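A.B. asks: To start, I am sharing the structure in question, which I have written as structure tokens.
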């Protein structure tokens with residue numbers, strides 16, 4: 079029998095084609111679950127972390143059986159990609175059990191960790207039950223800088239040891255960092271370190287505040303000018319931003335709606351207490367999975383959230399730079415307590431990027447052409 083030829087495509091192309099086809103069908107293919115908000119580090123910028131010994135928080139966390147029940151439900155609804163994160167997920171003694179249960183369901187699982195809790199036993203186990211991806215956040219390339227962020231002595235060495243343990247077992251590791259005032263001088267050293275290890279590295283220069291409304295992380299934000307300077311210092315980021323500007327530059331396609339992203343359309347988030355929300359940042363309102371089930375939450379509750387329309391006039395609604403901006407209901411909620419309030423920090427970054435990548439000139443040219451067309455028709 080002659081077999082048909084099936085051309086090979088890379089994972090990125092497959093993922094894009096897959097998501098493009100199912101987005102309109104609202105299948106919850108991409109989920110994230112925080113198994114805990116507690117962490118063994120005390121990072122100055124973190125948007126969620128609670129103390130390791132916060133017993134009140136621990137008592138509220140879902141049990142192993144509850145997580146398994148939820149995993150069954152999200153698989154039944156179509157979840158394929160699952161992120162397991164925290165806090166620090168590996169501080170839970172049953173984390174490997176939770177992970178294995180999800181793994182056996184056939185999902186592609188990514189784990190976010192700070193790497194400091196990785197032991198030979200954990201690394202061996204992950205080598206046997208290999209995840210789709212492991213991502214470690216590196217906060218500096220020196221002990222001094224790293225521990226200025228984490229505020230835990232000895233954490234730098236433990237992180238490096240964790241990285242080495244995973245790489246020795248050829249696990250699919252990626253490194254990343256958040257750019258802050260206290261570590262910005264070591265970004266390129268971190269990138270060089272990742273290149274020497276042969277692993278992917280990325281950085282995010284835009285800090286959001288804590289989900290509980292605490293404003294402390296704002297103290298560690300770099301300026302909009304510094305954000306764009308980092309973009310322009312990296313060839314890969316230059317290429318990505320130019321492509322993004324060429325493809326997506328312009329106002330929202332459906333400006334009456336506050337949600338303009340994939341939140342609640344194919345993406346969902348579940349916190350340590352079983353609260354379902356549209357995404358990791360936009361947590362309010364939420365649906366309690368302890369009182370209901372994922373199917374009802376996804377099909378009945380989430381649609382009402384993402385169908386919200388602007389209730390007030392705001393410059394964001396018809397902004398030509400909206401697609402370049404990180405403005406969203408979740409970010410606005412934790413920044414101002416109001417989902418429709420513009421976030422000035424994001425606005426400034428968007429305008430800086432528009433100038434840097436010549437999007438402003440492109441939009442001005444398009445506007446001129448539109449005006450000329452109107453005058454001609456008139």
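In the working numbering, the protein residues as written are 79 to 456.
We treat Cβ as the ideally placed atom computed from N, Cα and C, and that holds for glycine.
Because the structure is a prediction, the values reported are computed rather than measured.
Just confirm the distance between the C-beta atoms of residue 164 and residue 117, as a whole number of angstroms; I'd bet it's less than 8 angstroms.
C.D. replies: Translated into positions along the chain shown, residue 164 becomes position 86. Translated into positions along the chain shown, residue 117 becomes position 39. Sure, about 6 angstroms apart at Cβ, within 8 angstroms.
A.B. asks: Could you name the residues that DSSP lists as bridge partners for residue 203?
C.D. replies: Here residue 203 corresponds to residue number 125 of the chain shown, with the count starting at 1. Per DSSP, none; premise fails for residue 203.
A.B. asks: Excluding the 5 residues flanking residue 250 on each side, which residues of the same chain have their C-beta closer than 8 angstroms to its C-beta?
C.D. replies: Taking the first residue of the chain shown as position 1, residue 250 is located at position 172. Around residue 250: 208, 209, 210, 211, 212.
A.B. asks: Could you tell me which of 424, 224, 365 sits nearest to residue 378, measuring between CA atoms?
C.D. replies: By one-based count along the chain shown, residue 378 stands at place 300. Nearest option by C-alpha distance: 365.
A.B. asks: What first and last residue would you give for the alpha helix (DSSP H) that runs through residue 240?
C.D. replies: Locating residue 240 in the chain shown gives position 162, counting from the first residue. Residue 240 -> alpha helix (DSSP H) spans 233-246.
A.B. asks: Helix or strand or just coil, what does DSSP make of residue 133?
C.D. replies: Here residue 133 refers to the residue found at position 55 of the chain shown. Residue state, collapsed to three classes: helix.
A.B. asks: Under a Cβ-count criterion, where at least 16 other Cβ atoms within 10 Å of its own Cβ denotes burial, should residue 448 be classed as buried or exposed?
C.D. replies: Here the question's residue 448 lines up with position 370 in the chain shown. Reliability of the predicted coordinates at residue 448 is poor, the pLDDT of 45 falling under 50, and no value is obtained from them.
A.B. asks: Which of the three DSSP states, helix, strand or coil, is assigned to residue 93?
C.D. replies: Locating residue 93 in the chain shown gives position 15, where the first residue counts as 1. Of the three classes helix, strand and coil, the one that applies to residue 93 here is helix, per DSSP.
A.B. asks: Do residue 125 and residue 287 come within 8 angstroms of each other at the CB atom, strictly closer than that value?
C.D. replies: For the purposes of this step, residue 287 is taken as residue 209 along the chain shown, with counting starting at 1. For the purposes of this step, residue 125 is taken as residue 47 along the chain shown, with counting starting at 1. Yes, they are a contact pair.
A.B. asks: Once DSSP output is grouped into helix, strand and coil, what is the label at residue 457?
C.D. replies: Summary: the structure shown does not reach residue 457, with the chain confined to residues 79 through 456, and so no result is reported for it.
A.B. asks: If we ignore side chains and look at the alpha-carbon of each, how far apart do residue 446 and residue 422 end up?
C.D. replies: Position 368 of the chain shown holds residue 446. Position 344 of the chain shown holds residue 422. Residue confidence for residue 446 is low, a pLDDT of 48 falling below 50, so the modelled location carries little weight; the figure read from the coordinates is stated next. Cα to Cα, residue 446 sits roughly 27 angstroms from residue 422.
A.B. asks: Less than 8 angstroms between C-beta atoms, sequence neighbours within five positions excluded: which residues of the same chain meet that for residue 295?
C.D. replies: The count along the chain shown starts at 1 and reaches residue 295 at position 217. For residue 295, where only same-chain residues beyond five positions count, the Cβ hits under 8 angstroms are 122, 123, 124, 125, 285, 286, 287, 288.
A.B. asks: Kindly identify the DSSP beta-bridge partner or partners of residue 282.
C.D. replies: Taking the first residue of the chain shown as position 1, residue 282 is located at position 204. Looking at the DSSP assignment, residue 282 forms a beta bridge with 256.
A.B. asks: With distances taken between CB atoms, is the gap from residue 215 to residue 255 smaller than 8 angstroms?
C.D. replies: Position 137 of the chain shown, counted from the start, is the residue given in the question as residue 215. Position 177 of the chain shown, counted from the start, is the residue given in the question as residue 255. Cβ distance < 8 angstroms, so residue 215 and residue 255 count as in contact.
A.B. asks: Find out if the Cβ-Cβ distance for the pair residue 260, residue 226 is shorter than 8 angstroms.
C.D. replies: The residue labelled residue 260 in the question sits at position 182 within the chain shown. The residue labelled residue 226 in the question sits at position 148 within the chain shown. Yes. Within cutoff.
A.B. asks: Within 10 angstroms of its Cβ, does residue 191 collect 16 or more other Cβ (buried), or is it exposed?
C.D. replies: For the purposes of this step, residue 191 is taken as the residue at position 113 of the chain shown. Buried, by the Cβ-count rule.
A.B. asks: So, is the C-beta of residue 193 closer than 8 angstroms to a C-beta in chain D?
C.D. replies: The structure shown contains no chain D; it is built from a single protein chain.
A.B. asks: Determine the direct distance from the alpha carbon of residue 161 to that of residue 246, and round the result to whole angstroms.
C.D. replies: Here residue 246 is taken as the residue at index 168 of the chain shown, counted from 1. Here residue 161 is taken as the residue at index 83 of the chain shown, counted from 1. Roughly 23 angstroms between the two C-alpha positions.
A.B. asks: Can you find the residues in the same chain that come closer than 6 angstroms, C-beta to C-beta, to residue 358, ignoring five residues on each side of it along the sequence?
C.D. replies: Taking the chain shown and counting its residues from 1, the one referred to as residue 358 is at position 280. For residue 358, where only same-chain residues beyond five positions count, the Cβ hits under 6 angstroms are 110, 347.
A.B. asks: Checking 8 angstroms against the spacing of the C-beta atoms, do residue 276 and residue 240 come in under that value?
C.D. replies: Numbered from 1 along the chain shown, position 198 holds the residue referred to as residue 276. Numbered from 1 along the chain shown, position 162 holds the residue referred to as residue 240. Not closer than 8 angstroms, so no.
A.B. asks: Spatial neighbours of residue 329 within its chain, please: C-beta separation below 7 angstroms, excluding the five flanking residues on both sides.
C.D. replies: Counting from one through the chain shown, the residue named residue 329 turns up at place 251. Excluding positions up to five away in sequence, the list reads 396, 397, 398, 400.
A.B. asks: Is the number of C-beta pairs between the stretch 142-156 and the stretch 173-181 that are closer than 8 angstroms three or more?
C.D. replies: With a cut-off of 8 angstroms, the stretch 173-181 and the stretch 142-156 count as touching, because enough Cβ pairs lie within range.
A.B. asks: Looking at the structure shown, is residue 351 part of a helix, part of a strand, or coil, going by DSSP?
C.D. replies: Walking along the chain shown from the start, residue 351 turns up at place 273. Coil, per DSSP.
A.B. asks: Would residue 389 be called buried (16 or more neighbouring beta carbons within 10 Å of its own) or exposed?
C.D. replies: Counting from 1 along the chain shown, the entry for residue 389 is found at position 311. Classification of residue 389: exposed, given that the 10 Å Cβ count is below 16.
A.B. asks: Assuming residue 360 contacts residue 408 (C-beta within less than 8 angstroms), just tell me the rounded distance between them.
C.D. replies: In the chain shown, counting from the first residue as 1, residue 360 sits at position 282. In the chain shown, counting from the first residue as 1, residue 408 sits at position 330. Confirmed, Cβ separation roughly 3 angstroms.
A.B. asks: Please work out which residues of its chain come closer than 6 angstroms, Cβ to Cβ, to residue 355, disregarding the five sequence neighbours upstream and downstream, and give them in chain order.
C.D. replies: Taking the first residue of the chain shown as position 1, residue 355 is located at position 277. Cβ within range, chain order: 347, 361, 364.
A.B. asks: So, at 7 angstroms on beta carbons, what are the nonlocal neighbours of residue 310 in its own chain, with the 5 sequence-adjacent residues on each side left out?
C.D. replies: For the purposes of this step, residue 310 is taken as residue 232 along the chain shown, with counting starting at 1. So the qualifying residues of the chain are 316, 434.
A.B. asks: Should residue 100 and residue 344 be called a contact, given that it needs their Cβ atoms to be closer than 8 angstroms?
C.D. replies: Within the chain shown, numbered from 1, the residue matching residue 100 stands at position 22. Within the chain shown, numbered from 1, the residue matching residue 344 stands at position 266. In this structure, residue 344 lies closer than 8 angstroms to residue 100 by Cβ.
A.B. asks: How should residue 303 be labelled, buried or exposed, when 16 other C-beta atoms within 10 angstroms of its C-beta is the threshold for buried?
C.D. replies: Working through the chain shown from its first residue, we reach residue 303 at position 225. Residue 303 comes out exposed.
A.B. asks: Could you tell me the alpha carbon to alpha carbon distance between residue 200 and residue 150, rounded to whole angstroms?
C.D. replies: Here residue 200 corresponds to residue number 122 of the chain shown, with the count starting at 1. Here residue 150 corresponds to residue number 72 of the chain shown, with the count starting at 1. So the two alpha carbons sit approximately 24 angstroms from each other.
A.B. asks: Taking the straight line between their C-alpha atoms, what separation do you get for residue 451 and residue 265?
C.D. replies: Here the question's residue 451 lines up with position 373 in the chain shown. Here the question's residue 265 lines up with position 187 in the chain shown. For residue 451, the predicted model reports a pLDDT of 47, less than 50, meaning its position is unreliable and no value from the coordinates is stated.
A.B. asks: Do you know how far the Cα of residue 93 is from the Cα of residue 158?
C.D. replies: Walking along the chain shown from the start, residue 158 turns up at place 80. Walking along the chain shown from the start, residue 93 turns up at place 15. If I take the Cα positions, the gap works out to 11 angstroms.
A.B. asks: Secondary structure at residue 428, three-state DSSP: helix, strand or coil?
C.D. replies: Indexing the chain shown from 1 puts residue 428 at position 350. Helix, per DSSP.
A.B. asks: Can you give me the C-alpha to C-alpha distance between residue 425 and residue 403, rounded to a whole angstrom?
C.D. replies: Taking the first residue of the chain shown as 1, we reach residue 425 at position 347. Taking the first residue of the chain shown as 1, we reach residue 403 at position 325. Each residue's Cα considered, the two are about 6 angstroms apart.
A.B. asks: Would the beta-carbon of residue 115 fall within 8 angstroms of that of residue 350?
C.D. replies: On the chain shown, position 37 is the one that residue 115 refers to. On the chain shown, position 272 is the one that residue 350 refers to. Yes, Cβ-Cβ distance for residue 115 and residue 350 is below 8 angstroms.
A.B. asks: Does the beta-carbon of residue 233 have 16 or more other beta-carbons within 10 angstroms, so that it is buried, or is it exposed?
C.D. replies: As a position in the chain shown, residue 233 is number 155, starting the count at 1. So residue 233 ends up on the buried side.
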